[in-house]
Amino acid sequence: MTSSKRSQHSSRSGSSKDGKAANGKAASSWSVDEFDVAPEEGKTRFHDLDLHPTLMHGIAEIGFEYCSPIQAQILPHTLQGHDAIGKAQTGTGKTAAFLITIFDDLLKHPHEGERFLGEPRALVIAPTRELVMQIAADAEDLGKHTGLNTCTLIGGMDYQKQLNQLGREVVDLVVATPGRLIDFTGRRDLVLDQVEVLVLDEADRMLDMGFIPQVKRIVRQTPHKDYRQTLLFSATFTQDIINLSQQWTTDAITIEIEPDHVATDSVDQRIYLASSEERFRILVNLLRSDDASSVIVFANRRDQVRRLFERLRKASITCGMLSGEIAQAKRTKTLDQFKKGEISVLVATDVAGRGIHVDGVTHVVNYNLPEDPEDYVHRIGRTGRAGASGTSISFASEDDAFLLPDLEALLGEPVVCEHPPAELLSR
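Numbering of the sequence shown is given in full-length UniProt numbering, commencing with residue 1 and proceeding in unit increments.
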């Protein structure tokens with residue numbers, strides 16, 4: 001953070017005393033020496049970043065050894081307090097990058113006086129409930145030994161329960177969707193004038209979903225951009241995103257991470273030419289095959305997801321449904337069942353699917369080709385994770401084949417369509 005921003009922070013009331021972690025929990029006796037990672041040419045170790053020891057303890061337990069490309073490029077700047085704008089796809093390590101920045105800052109520059117409930121020191125805004133929950137889960141792992149308190153605020157969950165969570169102890173980090181955050185600030189149950197680090201994640205998605213007016217209201221409630229650190233992440237840099245970043249940041253560092261391949265090499269991509277009538281038969285036969293043990297099926301709209309879910313259940317396929325119309329408690333339970341293998345098939349919209357980070361997904365099926373080709377990359381990125389291989393199958397039918405040229409333009413190579421194998425067409 002710049003010296004002017006840092007001096008503003010150091011003058012505020014505090015929370016860390018007598019060698020204890022940030023919220024009073026006893027500091028760990030763990031030593032960084034217990035986490036041995038050999039230097040490797042061309043790679044940045046987390047050891048090389050001079051991170052707070054309690055943060056390094058969490059990094060060690062997760063097993064992070066070397067920074068991903070975006071972490072290696074952005075952390076040397078953000079750890080010094082600079083504003084940053086990052087262009088990166090989901091799965092590049094950007095979540096850990098901004099969480100490490102937040103935790104290291106809060107730990108190394110603790111408050112020194114009284115703190116009040118409902119006054120977070122850091123704020124992350126994300127467009128979907130699932131993404132907020134995933135960020136919070138990552139924060140819990142990374143911050144396990146820091147003593148820092150993270151709170152999530154999402155719509156579709158009981159307001160009073162979330163208010164009770166805020167009322168238990170001072171909160172250091174709030175991760176929230178825009179609408180629910182507006183609810184809390186509007187009732188003065190949350191005050192943002194002590195925010196030191198502000199993160200806007202998936203800004204392009206927030207723009208697409210119409211959240212920017214709400215986000216602007218939220219940003220105005222935080223300290224002036226000269227007195228906070230602001231990090232903005234987006235998968236695309238449209239002119240609208242560039243304009244917003246200029247409004248919200250000061251002398252920001254810009255980091256652009258272009259994946260080596262827009263569509264990962266660990267995913268076997270297949271596009272089947274199939275009529276609208278054939279798609280369901282092909283899908284059912286695929287789901288009944290032995291190798292399809294964990295499958296996410298994407299459709300473009302809520303009503304399409306609901307109809308497909310109902311048809312699959314009638315076909316005796318055990319499945320769950322994730323879309324914006326499903327109550328959050330039910331969505332959380334469904335995703336947990338999928339992670340545990342209690343159900344093997346999820347039918348989801350793109351909005352719900354953004355927060356699905358589950359290792360071991362064998363197949364992703366695009367029942368409809370996405371209208372935005374960027375969503376294709378996000379969808380197939382749900383499989384082939386953590387070094388495993390995966391398969392994506394997309395249907396190109398008479399009602400959406402016109403979307404293929406845009407997909408080819410994004411991928412930078414021709415899209416090869418094929419006829420489905422005979423066994424998937426059998427009745």
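From the three backbone atoms N, C-alpha and C, an ideal C-beta is built for every residue, glycine too.
- Can you tell which of Pro127, Arg281, Phe395 has the C-alpha that lies nearest to the C-alpha of Met209? Relative to Met209, the option among Pro127, Arg281, Phe395 whose CA is nearest is Pro127.
- Message: Using DSSP's beta-bridge definition, name the partner residues of Gly320.
- Response: According to DSSP, which records beta bridges pairwise, Gly320 is partnered with Leu346.
- Query: Between which two residues does the alpha helix (DSSP H) containing Arg270 stretch?
  - Reply: Per DSSP, Arg270 lies in no alpha helix (DSSP H); the unbroken beta strand (DSSP E) holding it starts and ends at 267-273.
- Query: With distances taken from CA atoms, which of Ile135, Ile255, Leu99, Glu112 is nearest Gln73?
  - Reply: Per the Cα distances, Ile255.
- Query: Name the DSSP beta bridge partners of Lys87, please?
  - Reply: In the DSSP assignment, Lys87 is bridged to Ser234, Glu256.
- In chain order, what residues of the same chain have a beta carbon less than 6 Å from the beta carbon of Leu190, not counting five sequence neighbours either side? Scanning its chain for C-beta atoms nearer than 6 Å, with the 5 sequence neighbours on each side dropped, one finds around Leu190 the residues Gly118, Phe184, in chain order.
- What residues are listed by DSSP as bridge partners for Leu123? Under DSSP, Leu123 shares a beta bridge with Val174, Leu198.
- Message: Strictly by DSSP, which residues pair up with Leu153?
- Response: According to DSSP, residue pairing for Leu153 in a beta bridge involves Ala176.
- Query: Are at least three pairs of beta-carbons, each pair with one atom in the segment 392-402 and one in the segment 272-281, less than 8 Å apart?
  - Reply: The way I'd put it, the segment 392-402 does touch the segment 272-281; three or more beta-carbon pairs between them come closer than 8 Å.
- Please confirm if the segment 289-300 is in contact with the segment 341-352, defined as three or more CB-CB distances below 8 Å between the two stretches. Cβ pair count under 8 Å is three or more, so yes.
- Message: Rounding to the nearest angstrom, what Cα-Cα distance links Arg359 and Glu114 in this structure?
- Response: Correcting the residue identity first, residue 359 is Asp in this sequence and not Arg. Note on geometry: alpha-carbon atoms of Asp359 and Glu114 lie some 42 Å from one another.
- Item | Nonlocal neighbours in the same chain, by C-beta distance under 7 Å from Thr362, ignoring five residues either side | Asp291, Ala292, Ser293, Ser294, Val295, Thr383, Gly390, Thr391.
- Among residues of its own chain, excluding the 5 on either side of Val199, which ones have a beta-carbon nearer than 6 Å to its beta-carbon? If we look at Val199 and ignore the five residues flanking it on each side, its Cβ neighbours are Phe98, Val124, Leu231.
- Would you list the residues sitting across from Tyr66 in a DSSP beta bridge? Note: Tyr66 sits in a beta bridge opposite Arg45.
- Cα-Cα separation between Thr177 and Val132, rounded to whole angstroms: Straight-line Cα distance between these residues: approximately 7 Å.
- Answer with buried or exposed for Ile326, where buried requires no fewer than 16 other C-beta atoms within 10 angstroms of its C-beta. Under this definition Ile326 is a buried residue.
- Task: Pull up the CB-CB distance for Arg45 and Pro39, whole angstroms please, since I reckon it's below 8 Å.
- Result: About 7 Å separates the two Cβ atoms, so the contact holds.
- Message: Please state whether the Cβ-Cβ distance between Ser234 and Lys87 is less than 8 Å.
- Response: Contact flag set, yes.
- Message: Tell me which residue opens and which closes the alpha helix (DSSP H) that Ile135 is part of.
- Response: In the DSSP annotation of this structure, the continuous segment of the alpha helix (DSSP H) that includes Ile135 starts and ends at 129-142.
- Kindly list the residues whose CB is nearer than 8 Å to the CB of residue 491, restricted to its own chain and excluding five residues on each side of it in sequence; keep chain order. Here the chain comprises residues numbered 1 to 427, so residue 491 is not present and cannot be evaluated.
- Cα-Cα separation between Arg302 and Tyr367, rounded to whole angstroms: Going by the C-alpha atoms only, they are around 13 Å apart.
- Option nearest Ile282 by Cα separation, candidates Gly156, Asp172, Pro420, Ser68: Of Gly156, Asp172, Pro420, Ser68, the residue nearest in Cα terms is Pro420.
- Query: Taking DSSP as the reference, what is the three-state secondary structure of Glu418?
  - Reply: Looking at Glu418 - three-state DSSP - the assignment turns out to be strand.
- Close Cβ partners of Arg311 (< 7 Å) along its chain, the five nearest in sequence each way excluded: Excluding the 5 residues flanking it on each side, Arg311 has same chain C-beta neighbours closer than 7 Å at Phe280, in chain order.
- Message: Taking the beta carbon of Glu423 as the centre, do at least 16 other beta carbons fall within 10 Å, making it buried, or is it exposed?
- Response: By the 10 Å Cβ count, Glu423 comes out exposed.
- Query: If you draw a straight line from the C-alpha of Asp193 to the C-alpha of Val37, how long is it?
  - Reply: Straight-line Cα distance between these residues: approximately 40 Å.
- Own chain residues within Cβ distance below 6 Å of Leu51, not counting five before or after: Excluding five sequence positions before and after Leu51, the CB atoms of its chain that fall closer than 6 Å to its own CB belong to Asp104, given in chain order.
- Query: Got a sec, what are the start and stop residues for the beta strand (DSSP E) Ile296 sits in?
  - Reply: Judged by DSSP secondary structure, Ile296 falls within the beta strand (DSSP E) whose first and last residues are 295-298.
- Task: For the alpha helix (DSSP H) holding Val365, just list the boundary residues, first then last.
- Result: Under the DSSP assignment, Val365 falls outside any alpha helix (DSSP H), being part of the beta strand (DSSP E) whose first and last residues are 363-366.
- Thr250 vs Asp226 beta-carbon contact at 8 Å: For Thr250 and Asp226, yes; Cβs fall inside 8 Å.
- With Ile271 and Val415 assumed to form a contact (beta carbons below 8 Å), what rounded beta-carbon distance in angstroms separates them? Correct: roughly 6 Å between the Cβ atoms.
- Task: Report the rounded CA-to-CA distance for Ile102 versus His145, giving the unit in angstroms.
- Result: Roughly 14 Å between the two C-alpha positions.
- Message: Taking the alpha-carbon of Arg205 as reference, which of Glu413, Asp372, Asn164, Asp138 has the nearest alpha-carbon?
- Response: In terms of Cα proximity to Arg205, the closest of Glu413, Asp372, Asn164, Asp138 is Asp372.
- Message: Suppose the cutoff is 8 Å on Cβ atoms and the five residues either side in sequence are ignored; what does the same chain contact list for Thr332 look like?
- Response: Taken in chain order, the residues that qualify are Met133.
- Give me the Cα-Cα distance between Gln337 and Ile343, rounded to the nearest whole angstrom. Between Gln337 and Ile343, the C-alpha separation is close to 6 Å.
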